[in-house]
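Worksheet for the structure shown next.
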Amino acid sequence: MLNRRAELLIVVVPLFVSGSLSAQGTPAPSCPAAPSSQMAPFDTARVTDLVGAYSVVMFDTTNVSGSTMRHSGKLALWMQDSVPLRRGSTARRTNQRQYLVGSYDAAAPDTGEVWRRMANRSVDAPGAFWSDGFIRLGEFGSKSGISLYLRHSSANEIRGMWTTSAGLGIVVDFTGEREPDEAGFFCARRMR
7 MLNRRAELLI VVVPLFVSGS LSAQGTPAPS CPAAPSSQMA PFDTARVTDL
57 VGAYSVVMFD TTNVSGSTMR HSGKLALWMQ DSVPLRRGST ARRTNQRQYL
107 VGSYDAAAPD TGEVWRRMAN RSVDAPGAFW SDGFIRLGEF GSKSGISLYL
157 RHSSANEIRG MWTTSAGLGI VVDFTGEREP DEAGFFCARR MR
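Heads up, the sequence shown is in my numbering, so the first residue is 7 and it goes up one at a time.
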């Protein structure tokens, strides 16, 4: 019974997301939460295959107000030999002994310092980097970046889940209650 409910949820959530975005006049992208039949589980041994440019759409499934939130932008990934200095303790080498790094340019309405740091293209502090099974956009720390957990991939697309939590701590509000982290699913389609 639990599996049946989970399957129903996977079908209902994308329909709800698409319907909400279309109602707002924004074109609803085709990004169901479940992977397509052509996609295989992501293999971390093939991290270097991720080099390229992607159009990314992230859907927030934790929004308690009932409206669907969406983040989108362009992700560029490349390999570099030197360790990113500001991210040296968390960036990981790939099987080719290089670092997968990149930048993420957020589309409006996402603005602010956190989003600007994700767009950094410098060798010492790239806006994105590979770290222990996920791509981190921005910095580590609470509410200072986004972790993309890759779950399925094909030649032209990556899908998975994302969260603002870096796994380093829990944010509490002034009453002592835990503040929820933004999280959801994402699709990244290769542009070139």
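C-beta atoms are modelled at their ideal positions from N, C-alpha and C, and glycine is treated no differently. Computed from a prediction, not measured in an experiment: that's the story for all the values here.
Per the coordinates, the alpha-carbon of V57 lies some 20 angstroms from the alpha-carbon of Q44. Approximately 5 angstroms separates the beta-carbon atoms of D66 and E188; this is inside 8 angstroms, confirming the contact. In the displayed model, V53 falls within a helix according to three-state DSSP. Runs of the alpha helix (DSSP H) lying entirely within the stretch 90 to 173 and spanning at least 4 residues, in chain order: 119 to 124. DSSP places P41 in the coil class of the three-state scheme, outside both helix and strand.
By the C-beta density criterion, R99 is exposed, having fewer than 16 other C-beta atoms within 10 angstroms.
A straight-line Cα-Cα distance of about 13 angstroms links A51 and R157. A direct Cα-Cα distance of roughly 7 angstroms separates Y110 from G79. Taking C-beta separations shorter than 8 angstroms and ignoring five residues to either side along the sequence, the partners of A112 in its chain run H77, S78, G79, W121, M124 and A125, following chain order. Taking each of V107, P90 and T74 in turn and checking the Cα distance to A82, the smallest one comes out for V107.
With a cutoff of 7 angstroms on beta-carbon distance, W136 and V63 are scored as not near each other. For L91, the CB contacts under 6 angstroms within the same chain, skipping 5 residues up- and downstream, are D130 in chain order. Spanning the alpha carbons of A59 and A134 requires a straight line of approximately 13 angstroms.
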